[in-house]
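Visitor: Note that full-length UniProt numbering has the sequence shown beginning at 1, numbered continuously upward. Right, I'll just put the structure down here and ask away after.
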Amino acid sequence: MSTTTPNPPTYYEILSLSPSTLTAHSDPSSLIKRAYRRALLNHHPDKKPTPATTTWTVDQISTAYAILSSPFQRRAYDALLASQATTPTNAQKAQFQTGIEPVDLDDLSFASSPAGNEWYRSCRCGNPRGFRLGEDDLEEAADLGELMVGCADCSLWLRVQFAAVEEEEYGTGEGSLAI
């Protein structure tokens, strides 16, 4: 007797959205935020009136929101979904869902170059800079205080948590973002 493991849910399924709906909508960020709040209410143990057939955890809902609310991360996630759909071996690998490791930004190695600052970390797959992010990525995710970073060579992910504070430049009265 063989049993098949169902594919893990996509972030779109968790928030009850479709990629085409987001593409067609003039303001996808407001649509994603409404779907996020609706999912939290629908799957909250104290709020749901009857047991749902499928229950998502707050972590799953928050991760889905974090990925889909960032245009950069959503494009990368859409590309990942497209590659899994067209490659049978990747679709089979997707049945086993790896964990998302939470780390603090201070736990990553730092490199400064004329091109900009970069934080990186090696991955279990052997890539010495498998997880990489730059200041632009952090500024884009500053409101959330966390950023999902996928390995360049495999399917592992990091949830990088950080705090962004406003710095006031001396004498100008103008603020800038300090990570």
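All C-beta atoms, glycine included, are put in the ideal place defined by N, C-alpha and C.
1) Skipping 5 residues on each side, what residues in its chain have a beta carbon closer than 6 Å to that of Cys-154?
2) Can you give me the start and stop residues for the alpha helix (DSSP H) that Ala-66 sits inside?
3) Residues in its own chain within less than 8 Å of Ser-16 by CB, not counting five upstream and five downstream?
4) Cα-Cα, which of Asp-137, Thr-23, Leu-144, Tyr-65 is closest to Lys-33?
5) What number of angstroms, rounded off, separates the C-alpha of Gly-116 from the C-alpha of Glu-146?
6) Quick one: what does DSSP say Asp-27 is sitting in, helix, strand or coil?
7) Could you round the C-beta distance between Phe-131 and Val-149 to whole angstroms and report it? I think they count as a contact, below 8 Å.
8) Note down, in chain order, each residue of its chain lying with its Cβ closer than 7 Å to the Cβ of Asp-78, except the 5 sequence neighbours on either side.
9) For the putative contact between Glu-101 and Arg-159, defined by C-beta atoms under 8 Å, what is the C-beta separation to the nearest angstrom?
10) Quick one: Cα of Ser-26 to Cα of Pro-45, how far?
11) At which residues does the beta strand (DSSP E) containing Asp-104 begin and terminate?
12) Could you tell me how far apart the beta carbons of Cys-123 and Leu-156 are, in whole angstroms, since I believe they sit closer than 8 Å?
13) Tell me the DSSP bridge mates of Gly-150?
14) Based on Cα-Cα distance, which residue from Ser-30, Thr-57, Ser-29 lies nearest to Leu-41?
Guide: By the coordinates alone:
1) Against the sequence shown, residue 154 aligns to sequence position 154. If we look at Cys-154 and ignore the five residues flanking it on each side, its Cβ neighbours are Cys-125.
2) Start at 1 with the first residue of the sequence shown, and residue 66 comes out as number 66. Residues 58 to 69.
3) Against the sequence shown, residue 16 aligns to sequence position 16. Around Ser-16: Ala-35, Arg-38, Ala-39.
4) The residue you call residue 33 lines up with position 33 of the sequence shown. It is Tyr-65 whose Cα lies nearest to the Cα of Lys-33.
5) The count along the sequence shown starts at 1 and reaches residue 116 at position 116. The count along the sequence shown starts at 1 and reaches residue 146 at position 146. Taking the straight line from one Cα to the other gives about 20 Å.
6) Translated into positions along the sequence shown, residue 27 becomes position 27. DSSP places Asp-27 in the coil class of the three-state scheme, outside both helix and strand.
7) Within the sequence shown, residue 131 is the residue found at index 131, counting from 1. Within the sequence shown, residue 149 is the residue found at index 149, counting from 1. For a cut-off of 8 Å, the C-beta gap from Phe-131 to Val-149 is around 5 Å, short enough to register as a contact.
8) The residue given as residue 78 occupies position 78 in the sequence shown. Correct list, in chain order: Pro-19.
9) Start at 1 with the first residue of the sequence shown, and residue 101 comes out as number 101. Start at 1 with the first residue of the sequence shown, and residue 159 comes out as number 159. Rounded to whole angstroms, the Cβ separation of Glu-101 and Arg-159 is 7 Å, and the two are in contact under 8 Å.
10) The residue labelled residue 26 in the question sits at position 26 within the sequence shown. The residue labelled residue 45 in the question sits at position 45 within the sequence shown. Straight-line Cα distance between these residues: approximately 33 Å.
11) On the sequence shown, position 104 is the one that residue 104 refers to. Segment 100 to 104, the beta strand (DSSP E) holding Asp-104.
12) Residue mapping note: residue 123 aligns to position 123 of the sequence shown, counting from 1. Residue mapping note: residue 156 aligns to position 156 of the sequence shown, counting from 1. Yes, Cys-123 and Leu-156 are in contact; Cβ-Cβ is about 6 Å, under 8 Å.
13) Reading the sequence shown from its first residue, position 150 is the one you call residue 150. Bridge partners of Gly-150: Trp-157.
14) Stepping through the sequence shown from its first residue, residue 41 is reached at position 41. Thr-57 is the residue among Ser-30, Thr-57, Ser-29 whose C-alpha sits nearest the C-alpha of Leu-41.
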